[in-house]
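This report concerns only the one structure given below.
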Ligand SMILES: Cc1cc2nc3c(=O)[nH]c(=O)nc-3n(C[C@H](O)[C@H](O)[C@H](O)COP(=O)(O)O)c2cc1C
Ligand code: SF4
Ligand code: FES
């Protein structure tokens with residue numbers, strides 16, 4: 078069995094350690110729980126994966142930190158730098174583009190105070206352009222903190238982002 | 078409303094109130110096929126034979142015969158290794174959003190399909206790999222799994238039989254390449270989603286090196302209906318070589334975009350006009366994509382084609398995921414192709430130089446044509462680049478997925494490409510012009 082040192086264990090909240098220990102039982106090899114575990118870390122630990130978080134996760138899975146970094150950096154959903162409090166994702170792929178994604182993006186920039194890929198000065202929003210989100214038949218779409226808003230107009234963008242603290 | 082004069086089954090239950098709950102599901106024949114198999118003691122081989130005879134073909138894009146795929150799993154008496162079913166719920170092919178409907182509205186139908194598949198292949202553990210963005214679909218399937226477990230439809234000795242099976246949910250993290258079956262398995266093992274060279278094939282060497290079958294959500298969703306109603310019933314719908322109904326997502330410039338259930342072999346025109354209400358705003362059709370972004374652009378003159386594997390293959394396209402994308406006369410096909418090329422560039426895993434470099438070059442060339450800086454030589458350059466990328470030149474078919482629409486653009490829309498070059502700008506007045514550059518880094522840029 079694996080040995081986890083006190084030091085690394087201490088760096089992950091005990092609730093997550095318990096969760097990941099259970100998660101690992103779903104698979105014959107512990108490492109398979111890595112990506113779901115990274116998701117949970119990102120959700121619970123500030124919306125991004127800091128070097129310290131990656132190191133602690135590496136400790137739990139008994140992997141080299143660089144290995145965990147290599148996995149995390151492969152996947153667009155993982156953020157390896159700090160981001161704003163709320164994440165706004167606008168799909169810019171074909172079906173959304175045909176139904177006005179560019180206008181949605183422009184409005185999202187205005188309403189959030191971000192440029193695509195950037196964070197607003199007040200730290201409230203980070204805005205990203207994303208590939209097809211599987212909402213093509215209700216295009217265009219925007220996701221706020223992972224929640225889909227579909228079939229929207231530029232006016233809707235203001236309403237959706239305006240209601241956010 | 079859709080005109081559905083043909084028999085339906087896939088979406089019937091999704092129209093019921095609370096269709097995602099076990100209660101509603103069971104009141105509408107749910108789990109009846111599984112119950113029958115277990116109570117009447119059908120053998121796994123019988124189940125595989127029935128699926129073979131039905132002619133069911135995979136709905137994940139390649140259209141491989143499902144019964145045949147199942148029969149590739151090694152004989153469980155001779156090969157005692159653990160074996161797995163992987164459910165491909167990564168659904169990331171632009172235009173495609175049909176598996177989402179099934180998972181959100183009828184998750185128990187998927188679970189029953191998985192259990193029957195596992196029974197037939199003597200598998201005791203299945204993983205559902207759901208794309209990370211599908212939170213609602215994930216939660217719906219996860220809740221259904223819990224309900225099924227409490228009702229002894231899942232876990233040890235299902236419904237008092239000797240059959241035991243577990244289903245685990247697994248969340249992806251936003252990479253299209255993890256929909257490719259070997260990239261998916263790498264990702265499920267906790268690695269980067271780098272596709273593996275084939276052979277070895279998953280049936281011999283799959284997840285953790287063990288015998289594995291990978292099936293799409295909609296494929297498995299068809300299975301209980303076939304068991305319940307028979308191969309003959311199944312073949313009464315669709316065509317001889319592509320039987321059954323299929324979910325078609327139709328998006329873009331149509332009056333009523335949506336996911337519709339139609340028999341395979343239906344004409345694309347019928348889907349466009351009868352299901353989706355025709356091209357929107359009374360405009361004319363310019364181009365259409367038959368089965369997701371990888372299947373290429375077809376001209377309006379080919380809208381009479383039948384939506385089945387053979388007909389679209391003959392038109393040098395593919396049925397793919399059955400996701401139709403409609404472009405009206407105000408759309409610019411060069412811009413749309415630039416968007417697709419940018420997508421493939423962003424999603425290439427980078428292992429093969431033809432794909433890694435080729436997708437970048439395609440994007441750059443398309444960008445400069447759309448931007449008015451193209452040269453006439455660029456048209457042949459696009460074709461020759463695409464020919465250098467595929468088919469069969471790379472580890473996986475992502476390079477093909479970028480090459481096929483490129484070829485189709487040059488083949489069918491050469492005039493429009495040439496006009497861009499001649500005029501030195503995009504000739505389509507309503508087009509927003511060149512698409513934005515792809516994000517170069519997967520992580521978010523932060524202002525200094
Ligand atoms: C680049 C690429 C992406 C793919 N993405 C998906 C996907 O998101 N969902 C899916 O079911 N199949 C996808 N496939 C096809 C799978 O590799 C595989 O053929 C399929 O899941 C098999 O299931 P089926 O036989 O039930 O169709 C993709 C293939 C390639 C080459
Ligand atoms: S073809 Fe492209 S995506 Fe597929 S393995 Fe090669 S580089 Fe990766
Ligand atoms: S293209 Fe935007 S959700 Fe599919």
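Chains as they are written, first to last, in the working numbering: chain G, 78 to 242; chain E, 78 to 525. Glycine included, C-beta positions come from ideal geometry on N, C-alpha and C. All values reported here derive from a predicted model rather than from experimental measurement.
- Query: Between the C-alpha atoms of residue 306 of chain E and residue 186 of chain E, what's the straight-line distance to the nearest angstrom?
  - Reply: Between residue 306 of chain E and residue 186 of chain E, the alpha-carbon positions lie close to 15 Å from each other.
- Message: I'd like the list of long-range same chain contacts for residue 177 of chain G, defined as Cβ closer than 6 Å, with 5 residues on each side in sequence excluded.
- Response: Excluding positions up to five away in sequence, the list reads 217.
- Message: Strictly by DSSP, which residues pair up with residue 291 of chain E?
- Response: Under DSSP, residue 291 of chain E shares a beta bridge with E/163.
- Task: Give the straight-line distance between the Cα atoms of residue 115 of chain G and residue 155 of chain G, rounded to the nearest whole angstrom.
- Result: Between residue 115 of chain G and residue 155 of chain G, the alpha-carbon positions lie close to 8 Å from each other.
- Message: My output table needs one value for residue 490 of chain E: the three-state DSSP class, helix, strand or coil.
- Response: DSSP places residue 490 of chain E in coil when its eight states are reduced to three.
- Task: Just the C-alpha distance for residue 197 of chain G and residue 238 of chain G, rounded to the nearest angstrom, thanks.
- Result: Approximately 13 Å between the Cα atoms of the pair.
- Message: For a contact defined as C-beta to C-beta under 9 Å, what are the partners of residue 422 of chain E on chain G?
- Response: None at all; the shortest Cβ gap to chain G is about 11 Å.
- Task: Just confirm the distance between the C-beta atoms of residue 197 of chain E and residue 125 of chain E, as a whole number of angstroms; I'd bet it's less than 8 Å.
- Result: Residue 197 of chain E to residue 125 of chain E, Cβ: 5 Å. Contact.
- Query: Taking C-alpha atoms, which residue in G/93, G/229, G/174 and G/181 lies nearest to residue 512 of chain E?
  - Reply: Just measuring C-alpha positions, the residue of G/93, G/229, G/174 and G/181 sitting nearest residue 512 of chain E is G/174.
- Item | Exposure label - residue 70 of chain E; buried when at least 16 CB within 10 Å | Any property of residue 70 of chain E remains undetermined from this structure, which presents chain E solely from 78 to 525.
- For residue 198 of chain E, three-class secondary structure by DSSP: Reduced to three states, the DSSP call for residue 198 of chain E is helix.
- Query: Taking Cβ positions only, does residue 213 of chain E come closer than 9 Å to chain C?
  - Reply: Within the model displayed, chain C is absent; protein chains G and E are what it includes.
- Residues passing the C-beta test against ligand 2 heavy atoms, cut-off 6 Å: Having a Cβ closer than 6 Å to some heavy atom of ligand 2 are E/254, E/272, E/425, E/426, E/427, E/428, E/429, E/432, E/433, E/471, E/472, E/473, E/475 and E/476.
- Query: Short check: CB of residue 191 of chain E to CB of residue 244 of chain E, under 9 Å?
  - Reply: Between residue 191 of chain E and residue 244 of chain E, the C-beta spacing is below 9 Å.
- Query: Taking 8 Å as the line, does the beta carbon of residue 174 of chain G fall inside it for any heavy atom of ligand 3?
  - Reply: Relative to ligand 3, the beta carbon of residue 174 of chain G is positioned inside 8 Å of a heavy atom.
- CA-to-CA distance, residue 136 of chain E to residue 473 of chain E, given in whole angstroms: Computed Cα separation, rounded: 18 Å.
- Query: Is it true that the stretch 353 to 362 of chain E meets the stretch 148 to 168 of chain E, where meeting means three or more beta-carbon pairs spaced less than 8 Å apart?
  - Reply: Short answer: they don't touch.
- Any idea if residue 339 of chain E is buried or exposed, counting beta-carbon neighbours within 10 angstroms, 16 or more meaning buried? It is buried - the Cβ of residue 339 of chain E has at least 16 other Cβ atoms within 10 Å.
- Backbone CA spacing between residue 240 of chain G and residue 160 of chain G [nearest angstrom]: Their Cα atoms are separated by approximately 19 Å.
- Locate the beta strand (DSSP E) running through residue 225 of chain G, then write down its first and last residues. For residue 225 of chain G, the enclosing beta strand (DSSP E) starts and ends at 224 to 227.
- Item | Nonlocal neighbours in the same chain, by C-beta distance under 6 Å from residue 418 of chain E, ignoring five residues either side | Around residue 418 of chain E: 439, 440 and 443.
- Item | Inter-residue spacing [alpha-carbon to alpha-carbon] between residue 275 of chain E and residue 259 of chain E | Counting only the Cα atoms, residue 259 of chain E lies some 9 Å from residue 275 of chain E.
- Sorry if obvious, but does the Cβ on residue 368 of chain E come closer than 8 Å to a heavy atom of ligand 3? Every heavy atom of ligand 3 is 8 Å or more from the Cβ of residue 368 of chain E, so no.
- residue 556 of chain E classed as buried or exposed, judged by whether at least 16 other C-beta atoms fall within 10 angstroms: Residue 556 of chain E lies beyond the range of chain E shown here (78 to 525); nothing can be said about it.
- Task: Quick one: list the residues of chain E neighbouring residue 201 of chain G, beta-carbon separation under 8 Å, in chain order.
- Result: Contacts between residue 201 of chain G and chain E, judged by CB atoms closer than 8 Å, are missing: the closest CB pair is about 13 Å apart.
- How far does the beta strand (DSSP E) with residue 322 of chain E in it reach, from first residue to last? That run of the beta strand (DSSP E) goes 322 to 329.
- Would you verify that the beta carbon of residue 127 of chain G is, or is not, closer than 9 Å to some beta carbon of chain E? Judged by the 9 Å Cβ criterion, residue 127 of chain G is not in contact with chain E.
- Message: To be precise: take each residue of the stretch 206 to 222 of chain G, compare its Cβ to all Cβ atoms of chain E, and keep it if any distance is under 9 Å. Which residues remain?
- Response: Within the stretch 206 to 222 of chain G, the qualifying residues are 206, 207, 208, 209, 210, 211, 212, 213, 214, 215, 216 and 220.
- Task: Please check the pair residue 201 of chain E and residue 241 of chain E, which I expect to be a contact at CB under 8 Å, by giving their CB distance rounded to whole angstroms.
- Result: Yes, they are in contact, since the Cβ atoms of residue 201 of chain E and residue 241 of chain E sit about 6 Å apart, within 8 Å.
- Would you mind telling me which residues of chain E sit closer than 9 Å to residue 141 of chain G, beta carbon to beta carbon, in chain order? Within 9 Å of the CB of residue 141 of chain G, no CB atom of chain E is found; the nearest one sits about 13 Å away.
- Message: Based on DSSP bridge pairs, tell me the residues matched to residue 134 of chain E.
- Response: DSSP, once it has assigned bridges, lists E/142 as partnering residue 134 of chain E.
- Item | Neighbour list for residue 172 of chain G in chain E, Cβ cutoff strictly below 7 Å | Within 7 Å Cβ-Cβ: 171, 172, 328, 329 and 402.
- From the DSSP output, read off the bridge partner residues of residue 47 of chain E. Chain E is shown only over 78 to 525; residue 47 of chain E falls outside these bounds and no answer can be derived.
- Task: Within its chain, find whatever has a CB closer than 7 Å to the CB of residue 81 of chain G; leave out the 5 residues flanking it on each side and keep chain order.
- Result: Residue placement at residue 81 of chain G is poorly supported in this model, since its pLDDT is 46, which falls under 50; the coordinates still yield a value, given next. 136 and 137.
- Message: Less than 8 Å between C-beta atoms, sequence neighbours within five positions excluded: which residues of the same chain meet that for residue 82 of chain E?
- Response: Nothing listed; no residue qualifies.
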